[in-house]
């Protein structure tokens, strides 16, 4: 069996579906749905469409593929020295419990992740995947709250009650991998 | 432990490192190295650089992320109907033992893979990853033979003796995931 993807520190804090969080999530969901309804009702220029309001948000580009690595220097050297890619400096993100290095591929990026601190949310993933492995993909959306509200109506589970601020300073949300063909999908507001 | 990524049918036929294949690979490697040496020796316009001839090939864009899925119709519906992406028709590739659907993300693609036939090379992956999962990433290169020759000198193992023709009709080569941080990396000549 493939292990469940591990989450980042802030996900771990928010993603457990306790009664409290479920309640909070439903409240947020109601709020967002109300906002969506309001937007649709008040708009006089946008066409009103029946059905799920997918026109209120749009899926965008692939922002990055995240790869958890057991040895950041070795992984950086692979992409920089062996494969010839341009890579960023190693950046510690203590609030996320990871070091990151971005690998530029022209049209998108690889995000190399290595644990930072004893409670890093990717430590469990690396214990189960000793050589490392693909951890998640991140796809941009133009309106994260509209996307969340819409996806909830389509029975896609979220891993936290509300969006959090991701590594790029923008709101992000993780979708449950069991609702996405075993893939941990991060949505990031572009 | 994370299972070893499964290979496509043609990889399975060529990737086993039997003595015969190792010998064949070395011969091919020598041939390519000779060709590279010849190119460098004969070129009068390209600058000669000392060290590993990385200038003879260049890493390019991310061509796609491949995702193995247990239910192609459900996975296609997720990306098309739930997330609103443009998706291709389902295409059977019997020579690769898979059905494919491409999901357009603007800057790159997701390649959904589902087994075709009893001996599909991704059946084992799906048996170990019941919900599906990320199978490999494909990065473009401008010269696959130069890339292979160079990467061999840098101790990156290949999964087949020679490039094969991939799903896009172009030569491809898979790199050993244990040399790439647990990630199965496909190089495709753009």
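Residue numbers (the numbering used here), protein chains in the order written: chain A, 9 to 198; chain B, 9 to 198.
Every residue gets a Cβ at the ideal spot worked out from N, C-alpha and C, and that includes glycine.
Note that the structure is a prediction, hence the values are computed from the model and not measured.
So, under 8 Å CB-CB, residue i and residue j are touching, yes? Tell me the CB distance rounded to an integer number of Å.
i, j, result
"residue 192 of chain A", "residue 144 of chain A", "4 Å"
"residue 140 of chain B", "residue 189 of chain A", "4 Å"
"residue 114 of chain B", "residue 114 of chain A", "Going by Cβ atoms, the distance from residue 114 of chain B to residue 114 of chain A rounds to 14 Å, so no, they are not a contact pair."
Does any CB atom of chain B fall closer than 8 Å to the CB of residue i?
i, result
"residue 174 of chain A", "no"
"residue 156 of chain A", "no"
"residue 92 of chain A", "yes"
"residue 153 of chain A", "no"
"residue 189 of chain A", "yes"
"residue 6 of chain A", "Shown here, chain A extends from 9 to 198; a query on residue 6 of chain A therefore has no answer."
"residue 164 of chain A", "yes"
Taking the C-alpha atoms as reference points, what is the distance between residue i and residue j?
i, j, result
"residue 156 of chain A", "residue 172 of chain A", "12 Å"
"residue 137 of chain A", "residue 122 of chain A", "13 Å"
"residue 132 of chain A", "residue 126 of chain A", "11 Å"
"residue 129 of chain A", "residue 142 of chain B", "19 Å"
"residue 91 of chain A", "residue 120 of chain B", "26 Å"
"residue 197 of chain B", "residue 180 of chain B", "6 Å"
"residue 93 of chain A", "residue 75 of chain A", "15 Å"
"residue 154 of chain A", "residue 149 of chain B", "38 Å"
"residue 165 of chain B", "residue 182 of chain B", "9 Å"
"residue 95 of chain A", "residue 71 of chain A", "15 Å"
"residue 160 of chain A", "residue 167 of chain A", "12 Å"
"residue 135 of chain B", "residue 80 of chain B", "15 Å"
"residue 162 of chain A", "residue 88 of chain B", "13 Å"
"residue 64 of chain A", "residue 195 of chain A", "15 Å"
"residue 99 of chain A", "residue 147 of chain A", "22 Å"
Does residue i come within less than 8 Å of chain A when only Cβ atoms are used?
i, result
"residue 139 of chain B", "yes"
"residue 125 of chain B", "no"
"residue 95 of chain B", "no"
"residue 160 of chain B", "no"
"residue 88 of chain B", "no"
"residue 116 of chain B", "yes"
"residue 109 of chain B", "no"
Around the Cβ of residue i, are there at least 16 other Cβ atoms within 10 angstroms (buried) or fewer (exposed)?
i, result
"residue 177 of chain A", "exposed"
"residue 185 of chain A", "buried"
"residue 109 of chain A", "buried"
"residue 103 of chain A", "exposed"
"residue 82 of chain B", "exposed"
"residue 111 of chain A", "buried"
For the ligand SAH, I want to know if residue i counts as a neighbour, meaning its beta carbon is within less than 7 Å of at least one of the ligand's heavy atoms.
i, result
"residue 152 of chain B", "In terms of ligand content, the structure shown is empty, and the ligand SAH therefore cannot be addressed."
field: Segments assigned beta strand (DSSP E), at least 3 residues, entirely inside the segment 125-174 of chain B
entry: Within the segment 125-174 of chain B, the complete beta strand (DSSP E) segments at least 3 residues long are 141-149, listed from N- to C-terminus.
query: Enumerated in chain order, which unbroken segments of the alpha helix (DSSP H) with a length of 4 residues or greater are wholly contained in the segment 62-98 of chain A?
result: 80-85
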